[in-house]
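Read the structure below first, then the notes.
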Amino acid sequence: MDLTALMEWRNLERHFLEMKDVHIKELFGNDPKRAEKFSMEALGLYVDISKNRITEETKRLLIGLARAMGLEQAIDDMFSGKKINETEGRAVLHTALRNRSHRPVYVDGKDVMPEVDKALKKMADFSAAVRLGEWKGFGGKKIKNIINIGIGGSDLGPAFVCEALKYYSSRNLDICFVSNIDPTHITETLMDKSPEETLFVIASKTFTTQETMTNARTAKEWVLGHFRENKAVASHFVAVSTNEKAVREFGIDPKNMFIFWDWVGGRYSLTSSIGLPIMIAVGQDNFSGLLEGFFKMDCHFHDTPLEKNIPVLLGLIGIWYNNFFRAQSHAILPYDQYLRRFPAYLQQADMESNGKSVNKDGKRVTCQTGPVIWGEAGTNGQHAFYQLIHQGTKLIPADFIGFAKSLNPRGDHHQKLLSNLFAQTEALAFGKSENELKNEGEEERLIPYKSFTGNRPTTTIMAEKLTPVILGELISLYEHKIFTQGVIWNIYSFDQWGVQLGKVLAGLILPELFCEDDKLKHDSSTNSLIEYYKKNK
Ligand code: F6P
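Using the numbering used here, the letters of the sequence shown correspond one by one to residues 40 to 576.
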């Protein structure tokens, strides 16, 4: 199916020609009720899409495209456990992990909910034991440090959420994350810690990932170097994985293993056992709150007509800019320090899912797919890259995320933070014309530099305050936004073959770095880099 040949696509192309020079200022000028019409309130979220370059007609045409691409059926297929990850032959059921209704969900004819509940119970028992100081190190001391060793989806989700929910977390435990194979990462993390008080969570879906297994072996040497008894491993290591055999071979007793399943994609796994560090940090109740939030947004996505469906609408607005305005990137700008790592988390979620150029028919796509995702917490970004968003030559649609209440109120900090958020979206949309500057008596020669074209689109998402429930809703919102876009681009969003080639080549190069023989068979650049290393190591 060629998406760009669809009548719905061509209608959007025509509509784009009518819209491309329309200013957001005009859209607001023509309709005093625009904010009301283009904002939604649901599940404790207020989502304002009015500062986008869209009209009712744009929405209608985009929804037409979504229907033509079978989005409603695709949503049903995902939730019902169809093997929609066809290139890996797997169902995609992260939604079952937070299915608070406990309605059966079938994979290959088997209801997976009892196993999901059992895994959650095991996590809850273990987390409680660690939090209460009942889980002791081999030397009999309480655990003070939890170090999660994992990478990609086995790192970014728990690392992001542990920071996002830090306000709700136990301050008696230090939760750290080691992901990079660079020895500096684990060295610096272990530096100030005692093996007696440290518990490692080795998190890897496959339990074969080079970075994770190398760091895990180093951690094991560190622990055994201290205790000098193999039995110590049982008190200081647990595993989160789908691969029991490899966990056993590493030396971790399967009774200290927390399972998940191949129908949970790595980047969609934080509500599985991969969330163990989160549950240890914030406790079972807060973790349940997080699941509750995910579930609420899952239900909203599944049950709400496309016209009022928040993840669908945000996904479609993304398509509008990506494919018609040819925007190359999308900024995530959380005005909350706790959400500092949301952009990094969403980079994997979005770019590993939709960074594809072959469609479901095995053909090259005929349009742009996933954008570059980037961002930074407000207000730091304002003093770094906002210049380019305001006055640069590129169109960068941005999502602003903020909360009415601060979790740490202090003087007028929060009011200042929010005034910046609101002001940025206003400045980006409305800009400042040369005439306005003239009327203010600005020096003629500076007018071109000081004027702002505006018409730079933003979406703002607000909630009363950052809670586990709201965080779950936000993450699930973005997961489903990504899904929506993948369906429209007709690509497989749940595989990641693009990470393979580099891994294979690194495997071939590794022995060459150790061997003295200098007959390298790469291209001249790669050969020179390897030779440079050998001369200077
Ligand atoms: O980067 C590729 C990838 O496969 C991710 O999709 C995944 O989250 C990460 O590696 C880690 O994989 P694992 O959990 O199997 O160690």
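Ideal Cβ positions, reconstructed from N, Cα and C, are used throughout, including at glycine.
The beta carbon of residue 244 sits closer than 7 Å to at least one heavy atom of the ligand F6P. Under a 10 Å Cβ-count criterion, residue 463 is classified as buried, with 16 or more other Cβ atoms of the shown protein chains found around its own Cβ. Residue state for residue 80 is assigned as strand, using DSSP reduced to three classes.
Sequence-distant partners of residue 206 (beyond 5 residues in either direction) whose C-beta falls short of 8 Å from its own C-beta, in its chain, are 377, 446, 447 and 505. Here the distance from the Cβ of residue 306 to the nearest heavy atom of the ligand F6P is below 7 Å. Of all alpha-carbon atoms in 471, 85, 427 and 51, the one lying nearest the alpha-carbon of residue 502 is that of 85. One thing to note: residue 316 has its Cβ within 8 Å of the Cβ of residue 240. Short of 6 Å from the beta carbon of residue 550, and not among the five residues preceding or following it, lies no beta carbon of its own chain. In terms of Cα proximity to residue 514, the closest of 427, 329 and 540 is 329.
Under a 10 Å Cβ-count criterion, residue 281 is classified as buried, with 16 or more other Cβ atoms of the shown protein chains found around its own Cβ. The shortest CA-to-CA distance from residue 234 to any of 421, 124, 456 and 262 is the one to 262. Put simply, of 421, 443, 449 and 452 the residue whose alpha carbon is nearest the alpha carbon of residue 437 is 421. If you ignore the 5 residues before and after residue 290, its C-beta comes within less than 6 Å of the C-beta of 272, all in its own chain and listed in chain order. In this structure, the CA atom of residue 369 is about 47 Å from the CA atom of residue 180.
Residue 190 has its Cβ nearer than 7 Å to a heavy atom of the ligand F6P. DSSP, read as helix, strand or coil, puts residue 317 in helix.
Proximity to residue 473 across 320, 134, 354 and 490 peaks at 490, based on C-alpha coordinates.
At a threshold of 7 Å, residue 538 counts as near the ligand F6P, since its beta carbon sits closer than that to one of the ligand's heavy atoms. Counting only runs of 3+ residues, the beta strand (DSSP E) found wholly inside the segment 167–199 occupies 184–188, in chain order.
The closest CA to that of residue 140, considering only 155, 128 and 148, is found on 155. In this structure, residue 358 lies away from residue 112, with their beta-carbon atoms at least 8 Å apart. DSSP lists 440 as the beta-bridge partner residues of residue 373.
Residue environment: residue 381 is assigned as buried (16 or more neighbouring CB atoms within 10 Å of its CB, all protein chains considered). Residue range 272–275 is occupied by the alpha helix (DSSP H) that includes residue 274.
The segment 466–483 and the segment 60–69 touch, with three or more beta-carbon pairs separated by less than 8 Å. In the three-state scheme derived from DSSP, where H, G and I count as helix and E and B as strand, residue 215 is classed as strand.
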